[in-house]
Ligand code: GDP
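Residue numbers (UniProt numbering): 1 to 365.
In C-alpha cells form, the structure reads like this:
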C-alpha cells in the first residue's frame with residue numbers, strides 16, 4: 001500500500017515525513033523497499049504478530065508495511081504544469097490514498113504561504129489544482145463518449161449523462177469523491193485516473209500544546225471534520241512536531257511519552273489504522289516456526305485469492321484453508337489445544353477471510 005503526503009508548503013509535511021522515515025529506519029532492509037529520498041516505509045504495528053511471536057519463537061517475523069511518498073511542492077498553478085506541477089500530479093496518480101496535511105497551528109515564526117492560518121481555504125487551494133487536472137482528463141473522456149454515441153450506440157447516452165454530471169460537480173469546485181456514484185458509474189471511470197476520486201485522510205497538524213485536547217480546544221479541527229464529512233473523507237489530528245520526537249524514542253520510552261501526553265497511540269499509528277479503514281483493508285496471519293507474518297488484503301477477499309497474496313500457486317492449486325481466529329487461539333494457548341476444541345476450521349473456496357484469521361493453506365502443486 002502506498003500513501004502520498006500532500007499539502008501546501010510550510011504545513012508540516014517534511015516534519016511528518018521525517019518522523020515516518022525515522023520510525024521506518026528498521027524496515028529499511030526490506031527487499032522491496034525502494035531507496036528514494038521521497039519514499040519512507042513503515043511497519044504496520046500489529047499486536048497479534050507480537051503474541052504469535054511469543055507462541056512460535058519464529059526464525060523470521062514479517063509485519064505488513066506501508067509506503068509513504070512525500071509529494072512536496074504541490075502549489076497553486078500545478079495543474080497548469082507550472083514548474084514541476086505535472087510531476088507532482090503524476091506522483092499522486094500512483095498512490096492508493098492521499099494524506100493531505102493541513103496547518104492547524106499558529107506560529108508567528110513560521111510563514112504561511114497565504115499569510116494566515118485557514119485550513120479550509122488551504123484544502124480548497126490544493127483540491128482546486130487536482131480538480132482542474134481532473135477536468136482536463138474528463139473533457140477528453142467526454143469527447144470520446146460523444147464519438148461513441150454518434151456511432152449509434154445508444155447505451156453511451158447514460159454514460160454521457162453521468163460524465164456531464166460529474167463535470168458539473170468538478171466545475172462547482174467539488175471533488176469527484178464527494179459525488180454519489182453507483183457501481184456501474186464508478187466502473188465507467190476505471191480507465192481514467194481521477195485525482196479527486198482518490199480516498200483522502202485530512203491530517204490536521206496541531207501544535208504540541210493542543211494535541212491532547214485538539215478536538216475541543218483547536219478552533220479548526222471541527223471545521224475540517226465538517227468539510228471532510230461532506231466528501232466522505234477521514235480526518236485525523238496529528239502534531240508533526242510530536243511525531244518527530246516520538247520517532248526518536250525506543251518502544252518503552254515511546255509508551256511513557258504517550259502516557260504522559262495522555263494519548264493511547266502515536267499519530268503515525270493512528271494514521272496507519274485510518275488508512276486501513278479508509279481503503280477497506282484487513283490482515284490475516286500465517287504463523288509457524290519458520291515465519292510469523294501478516295498479509296494485507298481487501299475486506300471481502302475469499303480464501304483462494306487471499307492465498308494468492310502469498311503465491312500464485314497457492315491460489316491456483318487451492319484445496320482448503322485451515323483457519324483459527326486469533327482470539328480463539330489465544331484463549332486456547334496453543335494450536336494443538338485449539339484443534340482439540342474444534343476451533344480450527346476447515347474452510348473452502350467461498351470462505352471470506354476475516355481480520356485476524358490465522359490460516360494454513362492446503363494446495364496442490
Ligand atoms: P512542509 O513545507 O509542509 O514540508 O513543512 P515543514 O515540515 O518543513 O514545516 C515547516 C515549519 O513548520 C518547520 O519549521 C516546522 O518545524 C514547523 N512545524 C511543523 N509542524 C509544527 C507544529 O505542529 N507546530 C509548530 N509550532 N511548528 C511546526
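All C-beta atoms, glycine included, are put in the ideal place defined by N, C-alpha and C.
Am I right that residue i and residue j are in contact with their C-beta atoms under 8 Å? What's the rounded C-beta distance?
{"i": "residue 71", "j": "residue 49", "result": "So it is not a contact: roughly 30 Å between Cβ atoms."}
{"i": "residue 281", "j": "residue 305", "result": "About 14 Å; that fails the 8 Å criterion."}
{"i": "residue 315", "j": "residue 62", "result": "Actually they do not touch by this definition, with Cβ atoms about 19 Å apart."}
{"i": "residue 138", "j": "residue 166", "result": "6 Å"}
{"i": "residue 97", "j": "residue 258", "result": "So it is not a contact: roughly 25 Å between Cβ atoms."}
{"i": "residue 55", "j": "residue 296", "result": "Not really, about 21 Å apart at Cβ, beyond 8 Å."}
{"i": "residue 64", "j": "residue 44", "result": "4 Å"}
{"i": "residue 105", "j": "residue 237", "result": "Contact flag wrong, Cβ pair sits at about 11 Å."}
{"i": "residue 369", "j": "residue 302", "result": "Residue coverage of the chain in this structure runs from 1 to 365, which leaves residue 369 outside it and unanswerable."}
{"i": "residue 141", "j": "residue 163", "result": "6 Å"}
{"i": "residue 336", "j": "residue 329", "result": "Between residue 329 and residue 336 the Cβ distance is about 11 Å, and since that is not below 8 Å, they are no contact."}
{"i": "residue 130", "j": "residue 196", "result": "5 Å"}
{"i": "residue 317", "j": "residue 365", "result": "6 Å"}
{"i": "residue 160", "j": "residue 145", "result": "5 Å"}
Considering only DSSP beta bridges, list what residue i is partnered with.
{"i": "residue 236", "result": "203"}
{"i": "residue 287", "result": "292"}
{"i": "residue 298", "result": "281"}
{"i": "residue 43", "result": "65"}
{"i": "residue 360", "result": "322"}
{"i": "residue 97", "result": "3"}
{"i": "residue 70", "result": "5"}
{"i": "residue 352", "result": "302"}
{"i": "residue 347", "result": "321"}
{"i": "residue 60", "result": "291"}
Residue j and residue i - do their beta-carbons sit closer together than 8 Å?
{"i": "residue 346", "j": "residue 322", "result": "yes"}
{"i": "residue 204", "j": "residue 224", "result": "yes"}
{"i": "residue 119", "j": "residue 101", "result": "no"}
{"i": "residue 134", "j": "residue 189", "result": "no"}
{"i": "residue 227", "j": "residue 307", "result": "no"}
{"i": "residue 261", "j": "residue 212", "result": "yes"}
{"i": "residue 18", "j": "residue 244", "result": "yes"}
{"i": "residue 249", "j": "residue 42", "result": "no"}
{"i": "residue 378", "j": "residue 265", "result": "Here the chain comprises residues numbered 1 to 365, so residue 378 is not present and cannot be evaluated."}
{"i": "residue 3", "j": "residue 122", "result": "no"}
{"i": "residue 20", "j": "residue 13", "result": "no"}
{"i": "residue 128", "j": "residue 77", "result": "no"}
{"i": "residue 287", "j": "residue 201", "result": "no"}
{"i": "residue 10", "j": "residue 126", "result": "no"}
{"i": "residue 300", "j": "residue 325", "result": "no"}
{"i": "residue 57", "j": "residue 247", "result": "no"}
{"i": "residue 242", "j": "residue 66", "result": "no"}
{"i": "residue 285", "j": "residue 89", "result": "no"}
{"i": "residue 331", "j": "residue 46", "result": "no"}
{"i": "residue 221", "j": "residue 214", "result": "yes"}
{"i": "residue 113", "j": "residue 69", "result": "no"}
{"i": "residue 59", "j": "residue 289", "result": "yes"}
Compute the minimum distance between the beta carbon of residue i and the heavy atoms of the ligand ZN, and state whether it is under 7 Å.
{"i": "residue 213", "result": "As for the ligand ZN, it is missing from this structure, which binds only the ligand GDP."}
Exercise. In the segment 99-180, which residue ranges form an unbroken beta strand (DSSP E) of at least 3 residues, counting only runs that do not cross its ends?
Worked result: Residue ranges of uninterrupted beta strand (DSSP E) with 3 or more members are absent from the segment 99-180; none lies entirely inside it.
For this session: At 4 residues or longer, and completely inside the segment 206-271: list those alpha helix (DSSP H) runs for me, N to C.
Result: Counting only runs that start and end inside the segment 206-271, the alpha helix (DSSP H) elements of at least 4 residues fall at 214-217, 221-230, 240-247, 251-261.
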